[in-house]
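Here this note's numbering runs 3 ahead of the position in the sequence shown, where the first position is 1. One structure below.
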Amino acid sequence: MSVVEQAPERGEEAQGLIGARVRRREDGRMVTGAARYVADVELPRCCEAAFVRSTVAHARIAAVDVEAARAAPGVLAVLTAAELAAVRPLADLLEIESIKTPRPPLATDRVRYVGEPIVAVIAEDRYAAEDAAELVVVDYEELEPVLDVDVAIARGPLLHDHVPENVYFRSEFRSGGAEEAFAGADLVVARTLRVNRQLASSMETRGVVAQAEPDGLLTVWLSSQAPFQQRYLFALALGLPESRIRVVVPDVGGAFGPKDFVFPEDLCVAHAALTLGRPVRWIEDRQENLMAGSHSKEQKLTVELAFADDGRLLAMRGRFVGDTGAFAYSAPAGLVDVMFTAQSLPGPYVVPAYDYDVLGVLTNKTPVAPYRGVGITAAQTARELLLDEAAERLGIDRVELRRRNLLGDEPTRSITGQEYDGGSYRTSLERALERIDWGGFPARQAAARAEGRHLGIGVSPFIEGTSLGTMAQLQSGFPMPSHDHAWAAVDLTGTVAVGVPTCNHGQGHATAFAQVAAEVLGVGVDDVRVVERDTESSPWGMGTYASRSAVFGGGAVLKAARLLRERILRVASLLLEAPPEALALEDGFVGIAGVPDARIPLAGIAGAAHFDPGVRAALGDAGLRVGVFHDAPPAYSNGCIAVEVEVDVELGTVRLLRTVAVEDCGTMLNPTIVEGQVRGGLVQGIGAALLEHAVYDDDGQPLTTTYMDYLVPRSSDVSAIEVDHVVTPSPRTLGGMKGMAEGSSIATPAAVLNAVADALSPYGFRVERLPLGPHAVWEGLRSGRAG
Numbered sequence: 004m005s006v007v008e009q010a011p012e013r014g015e016e017a018q019g020l021i022g023a024r025v026r027r028r029e030d031g032r033m034v035t036g037a038a039r040y041v042a043d044v045e046l047p048r049c050c051e052a053a054f055v056r057s058t059v060a061h062a063r064i065a066a067v068d069v070e071a072a073r074a075a076p077g078v079l080a081v082l083t084a085a086e087l088a089a090v091r092p093l094a095d096l097l098e099i100e101s102i103k104t105p106r107p108p109l110a111t112d113r114v115r116y117v118g119e120p121i122v123a124v125i126a127e128d129r130y131a132a133e134d135a136a137e138l139v140v141v142d143y144e145e146l147e148p149v150l151d152v153d154v155a156i157a158r159g160p161l162l163h164d165h166v167p168e169n170v171y172f173r174s175e176f177r178s179g180g181a182e183e184a185f186a187g188a189d190l191v192v193a194r195t196l197r198v199n200r201q202l203a204s205s206m207e208t209r210g211v212v213a214q215a216e217p218d219g220l221l222t223v224w225l226s227s228q229a230p231f232q233q234r235y236l237f238a239l240a241l242g243l244p245e246s247r248i249r250v251v252v253p254d255v256g257g258a259f260g261p262k263d264f265v266f267p268e269d270l271c272v273a274h275a276a277l278t279l280g281r282p283v284r285w286i287e288d289r290q291e292n293l294m295a296g297s298h299s300k301e302q303k304l305t306v307e308l309a310f311a312d313d314g315r316l317l318a319m320r321g322r323f324v325g326d327t328g329a330f331a332y333s334a335p336a337g338l339v340d341v342m343f344t345a346q347s348l349p350g351p352y353v354v355p356a357y358d359y360d361v362l363g364v365l366t367n368k369t370p371v372a373p374y375r376g377v378g379i380t381a382a383q384t385a386r387e388l389l390l391d392e393a394a395e396r397l398g399i400d401r402v403e404l405r406r407r408n409l410l411g412d413e414p415t416r417s418i419t420g421q422e423y424d425g426g427s428y429r430t431s432l433e434r435a436l437e438r439i440d441w442g443g444f445p446a447r448q449a450a451a452r453a454e455g456r457h458l459g460i461g462v463s464p465f466i467e468g469t470s471l472g473t474m475a476q477l478q479s480g481f482p483m484p485s486h487d488h489a490w491a492a493v494d495l496t497g498t499v500a501v502g503v504p505t506c507n508h509g510q511g512h513a514t515a516f517a518q519v520a521a522e523v524l525g526v527g528v529d530d531v532r533v534v535e536r537d538t539e540s541s542p543w544g545m546g547t548y549a550s551r552s553a554v555f556g557g558g559a560v561l562k563a564a565r566l567l568r569e570r571i572l573r574v575a576s577l578l579l580e581a582p583p584e585a586l587a588l589e590d591g592f593v594g595i596a597g598v599p600d601a602r603i604p605l606a607g608i609a610g611a612a613h614f615d616p617g618v619r620a621a622l623g624d625a626g627l628r629v630g631v632f633h634d635a636p637p638a639y640s641n642g643c644i645a646v647e648v649e650v651d652v653e654l655g656t657v658r659l660l661r662t663v664a665v666e667d668c669g670t671m672l673n674p675t676i677v678e679g680q681v682r683g684g685l686v687q688g689i690g691a692a693l694l695e696h697a698v699y700d701d702d703g704q705p706l707t708t709t710y711m712d713y714l715v716p717r718s719s720d721v722s723a724i725e726v727d728h729v730v731t732p733s734p735r736t737l738g739g740m741k742g743m744a745e746g747s748s749i750a751t752p753a754a755v756l757n758a759v760a761d762a763l764s765p766y767g768f769r770v771e772r773l774p775l776g777p778h779a780v781w782e783g784l785r786s787g788r789a790g
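In C-alpha cells:
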C-alpha cells in the first residue's frame, strides 16, 4: 500500500530519526572551503606527474623519443610502456573473457584515441613535468579512424585484431510471442534514436597520490567511489597482495559513476611511487578530463512498439548498439550501459512480449564509463517519445494511454525477469499531473499560441532499478559480487561508531547512516560517528554506485545497530537484574521502563562489557562491537517527472517554465537529502536533453575540450524544481529502503523532449537525436524532425 506523503518541512519532527530532516553534518566544511580533496594531500618530497597523450585517433607508434625530456631540469623519471612492462593491463571484476580488450597503462605499439597516454613524466613539480612532457617526440604511422558504430561493424578497420567487426559483445533476448504480436497489431510505431555522447563533469576531476611506505605498504589517495574494488585492481595490476595496499578516499567533489574504476594514470602514479621511493601526485586538468577522462551514454537504438486500437501495448522490439570507445577494458563501463538500456525498455508498463538485440561496438573515441542513469535514460527516452507518438496516432490522450498500460502497484516480475518489489506507478503519475496543473494546460497553451508563443508540456513516469544484489547481478548476466559488511561499536565513553564500505561523494552518508544507528541505539545523531572511505578502517564492500548505498549501506548499519542493541541490552539486563524486554534505550542511557532511577549510561554498559568478569563470561567475549554481512534483493524506486516549456521558434531556444518531480524511494532516511539528489539528477537530465554533446571531427579529433564548447546547464537553464514524495516501503529490503538518486536524471530528458515536441506539434516536429540544441530545433522546424 502506498501512502502519499508530504515530507515534514524543515524544523518539523518526523517519527523518530529515520526519515527526519536532519541537517547534513558534512556541509559545513564543504561550503566554507575546509574540505580536503586529493589535491590537498600534502606529503614531504612529493613529486608530480604529467602525461604525453596521443594527438591522433588511430595510429601505429613508430618511435618515441624521450631523451630530451629525461635531460630536462627537475625530471626524476620518464616512463614508457617498456618501463611499465611488469604492470598488467587493466583488468576488471567480471570473469567474461570474451568482452575484454586489455588496456595497458601506457600505449605500446598503437594508439586508439586522442588523449590516450603514451608517456608519463615524473618531476619535482608540475611545471617541470609539463615542460618536459612537451619535449617528448612521438612518430606516428596514422591509420584510418573509425568513429561511427555502423561503419565500425560494416568495414572496420579493426581496433583490436581479436575483435571481429569491432563488436566485442553480443546478446539477444526473445520472450516469445513478439513476432505474432507485431503481425497482428493495429499500430506499430518505430524510431531510431541517436543518444549523445556525454561526460559526468564532476567539479573535481580525477586525482591520485601514491606513497610507498618504508614497511612496504603502498598507500593510495584516490578520488573514488569504490575503494575496495580499486584496491583489488591495483593489486592485480601491480602484482602486490591486497594486504599491502591501502586506499584512502578524501572528500570527493562529485563522481556520478566514472570514479568507480582504476585508470591508466592511476597505475602509472602507483608504479612511479614504488620505483622512486617518493610520493607521486597527478591531478587531471579540465582539458584532459573532457578529452580523455571518460565518456558515456552514446548509443544508437531502434525501438518498435506494437499497440491494439484501444491503446493496449502488445509488444516491444529493440536493437541497441553501444559506442564503447576504444577499449572495453572494464566491462561495466560499456556493457552495462547498453544492456541496461535493453533490459529497462519496458519500464513501469505491462509488456506481454519483447525481443531485443544488443551490440557493444568499439570506435576510436575515449573509452566510456558508467554515468548517472546508466543505460536506463536511453530506454526511457525512446519509449516515452514513442508513447506520445502512439497516442497521437491512435487518437487517445497521451496520459490516458499511459494509464491503460501502467503496472499495478503490487510486486511483479517484468518481461525481462526483473523482480519489481511494488510501487506507486499510478499514484506518482497522478500526483505529478496535479502538481503541474496538467488539466489547465490546454488553456495556457491556447492563450500563448494566440500571442505567437509556443508552450509545451511533457510527462515521464519511470522505474529505477537499484541495489542490485549478488543474485540479481548474476541473473542480469554480470557475475560479480554485490554485498557489503558493516560494524557497529560503543566505546568506553559511550560514543557510537559505525563502519561502512560505502564511499560518500555527496550522498550525506555521515548524516543519514548516523540517523539509522542513532534511532536504533537511542542516542543523538551527533553521538554517532560514521567511518568509511578507508580500506584500513572500513569493512569490505563494493562502494557507492548504482543507487545502492541506502539499501546496502543503510541496511547493513541497521542490521549491525540492531545486533549491537541486543548486546547492550544483554549487558544491561545483568547489571539491572531485569529481562532485556523490560529495558529501553533512550538519550544515551539504558533503563527499566517506568523506573526513572534504574538506568545506566552507555559508557557504563561499555565499561562493564570490557572489564566486568561476570559480564564478559556471560557474553563469551569482551566489549560492545559487532560485525555483519549484508546482501540484499533488488529494489525498484519509481516516480514521475513533468515539465512545461516555452520554445522560441526564431532562436530555437527552449526555456523551462515549471518542473515537477515525484519520487517514491520507499522509506526515506532523510527527505532533505533525497530532494537534493532529485534536483541534481534533474539538472543533469536537462543537460542531456538540451545541451551536452562530446563531438568529434572526421579525423577523430575531439572538438569539445573546454566548457565553451561542451555545454553544461547553468542556473538560468533551470526552472524552480518542485519535489513531492510518495512512500511505498519495499517489502523485501531491511527497513523498507529503496535506492534513489538516478530517477530524475533518467526521466527528465523524455519529459523535456516530449514537451518540446508538444510545443512544436503544429510543425510536425519529431525528435531523433539528442541533444536538442537551438540549431537542432531550428533545423527540425524546417524539416518536421530534429536530428
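The beta carbon of each residue, even a glycine, is placed where N, CA and C say it ideally should be.
{"query": "Close beta carbons around Gly219, own chain, < 7 angstroms, minus the five adjacent residues each side", "result": "Arg247"}
{"query": "Coil, strand or helix - Gln290 by DSSP", "result": "helix"}
{"query": "Residue range of the unbroken alpha helix (DSSP H) whose run includes Ala72", "result": "70–73"}
{"query": "Phe516, enclosing alpha helix (DSSP H) - first and last residue", "result": "512–524"}
{"query": "Identified DSSP bridge partners for Leu225", "result": "Val211"}
{"query": "Enclosing beta strand (DSSP E) for Leu196 [first to last residue]", "result": "190–198"}
{"query": "Rounded separation between Asp151 and Arg39 - CA only", "result": "41 angstroms"}
{"query": "Same chain only: Cβ atoms within 6 angstroms of Asp312, ignoring 5 sequence neighbours per side", "result": "Asp189"}
{"query": "With 16 other Cβ atoms within 10 Å as the buried cut-off, status of Phe614", "result": "exposed"}
{"query": "Gly558 - containing alpha helix (DSSP H), residue span", "result": "552–579"}
{"query": "For Gln518 and Gly511, the rounded distance between their alpha carbons", "result": "11 angstroms"}
{"query": "Continuous alpha helix (DSSP H) stretch holding Pro230: start and end", "result": "230–241"}
{"query": "For Ala356, the nearest candidate out of Ala564, Phe176, Gly655 (CA to CA)", "result": "Phe176"}
{"query": "8 angstroms contact criterion, which Leu279 and Leu109 should meet: CB distance rounded", "result": "Contact doesn't hold; Cβ gap of about 16 angstroms is too wide."}
{"query": "Contact check, Ala381 vs Gln302, beta carbons under 7 angstroms", "result": "yes"}
{"query": "Classification of Tyr710 by the beta-carbon crowding that lies within 10 angstroms, buried from 16 upward", "result": "exposed"}
{"query": "Spatial neighbours of His778 in its chain, beta-carbon cut-off 6 angstroms, leaving aside the 5 residues before and after", "result": "none"}
{"query": "Span of the beta strand (DSSP E), counted from its first residue to its last, around Glu144", "result": "140–145"}
{"query": "Element boundaries [beta strand (DSSP E), containing Ile248]", "result": "248–251"}
{"query": "Val211 burial status per 10 Å Cβ neighbour count (16 or more: buried)", "result": "buried"}
{"query": "Completely contained alpha helix (DSSP H) runs for the stretch 144–181, where each covers 4 or more residues", "result": "152–158"}
{"query": "Neighbour-count burial assignment, Thr430, 16 or more Cβ in a 10 Å radius", "result": "buried"}
{"query": "Whole-Å CB distance - Thr473 paired with His486, under 8 angstroms assumed", "result": "6 angstroms"}
{"query": "Pick from Gly669, His457, Ser764, Arg447 that is closest to Gly739, judged by C-alpha positions", "result": "Gly669"}
{"query": "Boundaries (first-last residue) of the beta strand (DSSP E) holding Trp781", "result": "It is not in any beta strand (DSSP E) - Trp781 instead sits in the alpha helix (DSSP H) that spans 777–786."}
{"query": "Rounded straight-line distance, which links the Cα of Leu397 to that of Asp651", "result": "29 angstroms"}
{"query": "Tyr116, buried or exposed, once every other Cβ within 10 Å from all chains shown has been counted against 16", "result": "buried"}
{"query": "Reference Leu409; option with closest CA among Gly642, Phe185, Thr104", "result": "Gly642"}
{"query": "First and last residue of the uninterrupted alpha helix (DSSP H) at Cys668", "result": "Where Cys668 is concerned, there is no enclosing alpha helix (DSSP H), given that its DSSP letter is neither H nor E."}
{"query": "Backbone secondary structure at Trp441 - three-state DSSP", "result": "helix"}
{"query": "According to DSSP, residues forming a beta bridge with Asp615", "result": "BP columns for Asp615 are empty, so no partner."}
{"query": "Within 7 angstroms, strictly: CB atoms of Val554 and Gly776", "result": "no"}
{"query": "Neighbourhood of Asp142 by C-beta, 7 angstroms cutoff - its chain only, sequence neighbours within 5 removed", "result": "Ala65, Ala66"}
{"query": "Paired residues, beta bridge with Ser417 - DSSP", "result": "For Ser417, which the question treats as bridged, DSSP gives no partner whatsoever."}
{"query": "Same chain, Cβ closer than 6 angstroms to Val265, five either side skipped, listed in chain order", "result": "Gln233, Leu236"}
{"query": "Buried or exposed (CB count within 10 angstroms, at least 16 for buried), Met206", "result": "exposed"}
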